[in-house]
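*Asks:* Okay, here's the structure, questions in a sec.
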Amino acid sequence: MRIEIVGKNGFVPTKAIENYVRKRLQKPISLFKPEWILSVRVVLKQYPGKYKVEVTMPCKGITLRSEVTDSDMYRAIDKTNDKLVAQVRKHKEKLTKHLAKKGIKDFYAQEFSDEPLELSKKEIVKKIVKRKEYELIPMTLEEAIIEMEMMGHDFYVFLNKETNEVNVCYLRKDGHYAVIETK
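0 is the number of the first residue of the sequence shown in numbering that gives the first Met the number 0; add one for each residue after it.
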């Protein structure tokens, strides 16, 4: 398993911070079998008066993600670690409750695969509460953001006029916009 630690926005992680991150990640990592964790990506960012720590950990059956902003980098790392541990515990409780009928051991006995998990129609009906279909209209990203704001949504699916690909623009927690581009 590879742990990638990256600094952004002018922040360069020192060896001490890298070692601290690796040490703190041992707890959430130890809650899974080593072969279940594909990789860990840690992004450390610096803003005026605050630091941001983003951790993404794709694992078998779930992708854990935590994002914390704090005035102290070490405290942000600790809070991120606490969030990841809570997510792992929540995931394990959910699996124990909901997959006990199918057998949780069978679920984790499966090898890694690019195939999506198979769900019965009964399970899908429980989770999908609304289905919408609409025609994708070619537009620019700016037009899509305007449409999204007018509808009061925090995301919008559209056909990018420039690339002729399906894109999703969305409003981030920090109030800025982001776009997901398909291949």
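All C-beta atoms, glycine included, are put in the ideal place defined by N, C-alpha and C.
1. Kindly identify the DSSP beta-bridge partner or partners of Gln-45.
2. Please return the same chain residues whose Cβ sits closer than 8 Å to the Cβ of Val-165, not counting the five positions on each side in sequence.
3. Assign Thr-79 to one of two classes, buried (16 or more other C-beta atoms within 10 Å of its C-beta) or exposed (fewer than that).
4. Is it the case that the Cβ atoms of Thr-68 and Thr-62 are separated by a distance below 8 Å?
5. Where Phe-10 and Asn-18 are concerned, what is the direct C-alpha to C-alpha distance, given to the nearest angstrom?
6. In chain order, what are the residue ranges of uninterrupted alpha helix (DSSP H) at least 4 long that sit wholly in the segment 0–33?
7. Could you spell out where the beta strand (DSSP E) holding Ile-61 opens and where it closes?
8. Can you list, in chain order, the residues of its chain whose CB lies under 6 Å from that of Arg-184, leaving out five sequence neighbours each side?
9. Rounded to whole angstroms, what is the Cα-Cα separation between Val-124 and Lys-131?
10. Which one of Thr-162, Asp-153 and Glu-161 has the shortest CA to CA distance from Tyr-176?
11. For Val-41, which residues of its own chain have a beta-carbon under 6 Å away from its beta-carbon, when the five flanking residues on both sides are left out?
12. Can you tell me where the beta strand (DSSP E) holding Glu-180 begins and where it ends?
13. Ignore the nearest five residues each way along the sequence and tell me which others in Glu-142's own chain have a CB closer than 6 Å to its CB.
*Replies:* Put simply:
1. Its beta-bridge partners are Tyr-50.
2. Result list for Val-165: Leu-135, Val-156, Phe-157, Leu-158, Asn-159 and Thr-181, in chain order.
3. Flag for Thr-79 reads buried.
4. No, they are not a contact pair.
5. Computed Cα separation, rounded: 16 Å.
6. Within the segment 0–33, the alpha helix (DSSP H) runs of at least 4 residues that lie entirely inside it are, in chain order, 14–29.
7. Counting along the chain, the beta strand (DSSP E) containing Ile-61 begins and ends at 61–69.
8. Residue 184 lies beyond the residue range present for the chain, which begins at 0 and ends at 182; the question has no answer from this structure.
9. The predicted model places Val-124 with a pLDDT of 48, which falls under 50 and marks its position as unreliable; any figure quoted below should be read in that light. About 14 Å.
10. Looking at the Cα atoms, Asp-153 is the closest of the given residues.
11. Cβ within range, chain order: Ile-4, Val-20 and Val-54.
12. Looking at the DSSP string, the run of the beta strand (DSSP E) that includes Glu-180 is 176–180.
13. Excluding positions up to five away in sequence, the list is empty.
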